[in-house]
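Heads up: the sequence shown begins at 1 in full-length UniProt numbering, then just goes up one per residue.
Ideal placement from N, C-alpha and C gives every residue a C-beta, glycine not left out.
A quick write-up on the structure given underneath.
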Amino acid sequence: MYTFSNRLKIGSFIAMGLGLIFLAIGFVSAPSTVEEAKAIVAAAHDDGHGSGHAEEATDHGESSAHGEEAAHDASHDEHLLHQLQNRPWSALYVAAFFFFMIALGVLAFYAVQRAAQAGWSPLLFRVMEGITAYLVPGGIIVFVILVLSVMHMNHMFVWMDADTVAHDKLLQGKAGYLDPTFFLVRAAIFLGGWIFYREYSRKLSLAQDESDDNSNFVKNFRWSAGFLVFYLVTESMMSWDWIMSLDPHWFSTLFGWYVFASMFVSGITVIAMIAIYLKSKGYLEDVNDSHIHDLAKFMFGISIFWTYLWFAQFMLIWYANIPEEVTYFVARIEDYKLPFFGMLALNFIFPLLILMNSDYKRVNWFVIMTGLVLLFGHYLDIFNMVMPATVGDQWYIGLPEIGGILFFGGLFVFWVFNTLTKAPLQPKRNPFIEESRQFHY
1 MYTFSNRLKI GSFIAMGLGL IFLAIGFVSA PSTVEEAKAI VAAAHDDGHG
51 SGHAEEATDH GESSAHGEEA AHDASHDEHL LHQLQNRPWS ALYVAAFFFF
101 MIALGVLAFY AVQRAAQAGW SPLLFRVMEG ITAYLVPGGI IVFVILVLSV
151 MHMNHMFVWM DADTVAHDKL LQGKAGYLDP TFFLVRAAIF LGGWIFYREY
201 SRKLSLAQDE SDDNSNFVKN FRWSAGFLVF YLVTESMMSW DWIMSLDPHW
251 FSTLFGWYVF ASMFVSGITV IAMIAIYLKS KGYLEDVNDS HIHDLAKFMF
301 GISIFWTYLW FAQFMLIWYA NIPEEVTYFV ARIEDYKLPF FGMLALNFIF
351 PLLILMNSDY KRVNWFVIMT GLVLLFGHYL DIFNMVMPAT VGDQWYIGLP
401 EIGGILFFGG LFVFWVFNTL TKAPLQPKRN PFIEESRQFH Y
């Protein structure tokens, strides 16, 4: 049985505490009036890291001499206020979704291993089950954020504003699907299905250890195969609802696959990192370099798959240059150069250079280093999906963003490692456990 070290436990609590403080500062310092918003942007511009909004905000009073211009300026100022008010909410949402998607990516990988009756991976099943336990708190938090958005506590999802929809023909055409109540019902179905499979599969996994036959193993196989069908549909719909609808005028037909690739590689990376950590502490004695090598192969392969999807989406839209499509990337390239191109370097070039060599995949510290870079890169990926739609060019990495990472990172570590203490780290009666023990590449 794994014992949760006090050092790790205290570290997770400290991270959560600091994260809450930083997030609270972000919410408290957000402007409540247009005048405060103008002052914040003007101050940022004076410090040299603002944007064109600063001059516009400070010059509006002089340039708005006529009624039509005044109405336009008032609308612009209100939009600026909403962007700045959205920043702590967006930082919270990005971090909440990022750590939730790690657990969801691991759930998919776990179901694939079960459905394929893989012989190499049973020794890692308890690690995967520990990570997927985070679906419960992580899913509840994401759902609460969505509920608060429907209640107009923020302005992240512009299609939730009835006045905006009333003046937007395109959003009126999508109103049947982008309906706040239907939105929450879908979210509840997604989360309910994912969590149900996780809990039931875990129950069957533990029951198999005490069973005298393979009936629980067979049930797990069947449920996993069925779940993958449910997962492929709901994951795509989730990506449309929770991420793509932040930009309701834009859409991509492969967006669901793109988000899936990001969560899949992030989940596999965390499996490898936790397995290496546990082995370094004297647990998972039968996990060998070949298991880590295979996980690193998946990290490398899915990184290439992610890049393929990113390029396929970007190149076709950019080359076609259709205004309503290309504006998505124009905003990110003009206002988010560093995170946009930095994400590409971290998620493709770095793992390509480091993990292409087969020997490096067996070096634990190499895998850990690459994993940390990949996780940061995919955090930036989610950052690039959310922030341009919610805060525009009024972004930077500050206390709310750092606080979100600290809080949810601490909660993730605490929940996962606490779950690992609940059952033996090595399954006893999995039919493939001996094959997994003898696995060598």
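message: Less than 7 angstroms between the beta carbons of Ile10 and Val416, yes or no?
response: no
query: Do the stretch 389 to 408 and the stretch 270 to 286 meet, that is, are 3 or more Cβ pairs less than 8 angstroms apart?
result: no
query: If we call anything under 7 angstroms between Cβ atoms a contact, is Ile368 one with Met273?
result: yes
task: Tell me where the alpha helix (DSSP H) around Asn220 begins and ends.
output: 215 to 242
field: Pair within 7 angstroms by beta-carbon distance, His291 and Lys361
entry: no
- prompt: Should Ser358 go down as buried or exposed, given a rule of 16 or more other Cβ atoms within 10 Å for buried?
  reply: exposed
- request: Determine the contact status of Arg87 and Val391, defining contact as a CB-CB distance below 7 angstroms.
  value: yes
- request: Just the C-alpha distance for Ala133 and Tyr197, rounded to the nearest angstrom, thanks.
  value: 11 angstroms
- prompt: Gly26 and Leu399 look like a contact to me (Cβ under 8 angstroms); what is the Cβ gap, rounded to whole Å?
  reply: 5 angstroms
message: Using a 10 Å radius around the Cβ and a threshold of 16 neighbouring Cβ atoms, would you call Ser262 buried or exposed?
response: buried
message: Using 8 angstroms for Cβ pairs, my map puts Thr421 next to Thr3. What's the rounded Cβ distance?
response: 7 angstroms
task: Reducing DSSP to helix, strand and coil, say where Gly282 ends up.
output: coil
7 angstroms Cβ cutoff met for Ile102 and Ser266: yes
message: Please list the terminal residues of the continuous alpha helix (DSSP H) segment that includes Met16.
response: 6 to 29
- prompt: By how many angstroms is the C-alpha of Ile145 removed from the C-alpha of Trp250?
  reply: 22 angstroms
task: Return the first residue and the last residue of the alpha helix (DSSP H) that Ser245 is part of.
output: From DSSP, Ser245 is part of no alpha helix (DSSP H); its letter is neither H nor E.
message: Is it the case that the stretch 228 to 240 contacts the stretch 161 to 170, given that we only count it when at least three CB pairs across the two stretches are under 8 angstroms?
response: no
Beta-carbon proximity list for Leu191, same chain, < 7 angstroms, skipping 5 on both sides: Gly139, Phe143
- prompt: Cβ of Leu232 within 7 angstroms of Cβ of Ala111?
  reply: no
message: Taking the straight line between their C-alpha atoms, what separation do you get for Val147 and Tyr258?
response: 25 angstroms
Of the residues His155, Ile405, Arg186, the one placed nearest Gln85, counting alpha carbons only: His155
message: Quick check on the burial criterion: 16 or more other C-beta atoms within 10 angstroms. Buried or exposed for Trp365?
response: exposed
- prompt: In angstroms, rounded to a whole number, what distance separates the CA positions of Leu246 and Phe255?
  reply: 13 angstroms
query: When DSSP labels each residue in this structure, what does Tyr328 get in the three-state scheme?
result: helix
field: Contact under 7 angstroms by Cβ, Ser195 with Val136
entry: Per the sequence presented here, residue 195 reads as Ile, with Ser not at that position. For Ile195 and Val136, yes; Cβs fall inside 7 angstroms.
message: Tell me the residue span of the alpha helix (DSSP H) that contains Ser303.
response: 289 to 320
- prompt: Would you report the Cα separation of Ile405 and Gly226, rounded to the nearest angstrom?
  reply: 34 angstroms
query: Between the Cα of Ser224 and the Cα atoms of Ala108, Gly409, Trp306, Phe439, which residue gives the shortest distance?
result: Ala108
- prompt: Just how far apart, CA to CA, sit Leu123 and Arg202?
  reply: 14 angstroms
Short Cβ contact (7 angstroms threshold) for Arg332 with Phe340: yes
Secondary structure of His440, DSSP reduced to three states: coil
message: With distance defined between alpha-carbon atoms, name the residue in Gly119, Glu401, Glu210, Ala312 nearest to Thr253.
response: Ala312
field: Closest Cα partner of Pro248 within the set Arg186, Ile317, Met385
entry: Met385
query: What span of residues does the alpha helix (DSSP H) with Gly119 cover, start to end?
result: Taken as a continuous stretch (DSSP letters only), Gly119 belongs to no alpha helix (DSSP H), as it is neither H nor E.
- prompt: So, using beta-carbon positions, are Phe230 and Gly173 closer together than 7 angstroms?
  reply: no
query: Is Phe376 helix, strand or coil when you go by DSSP?
result: helix
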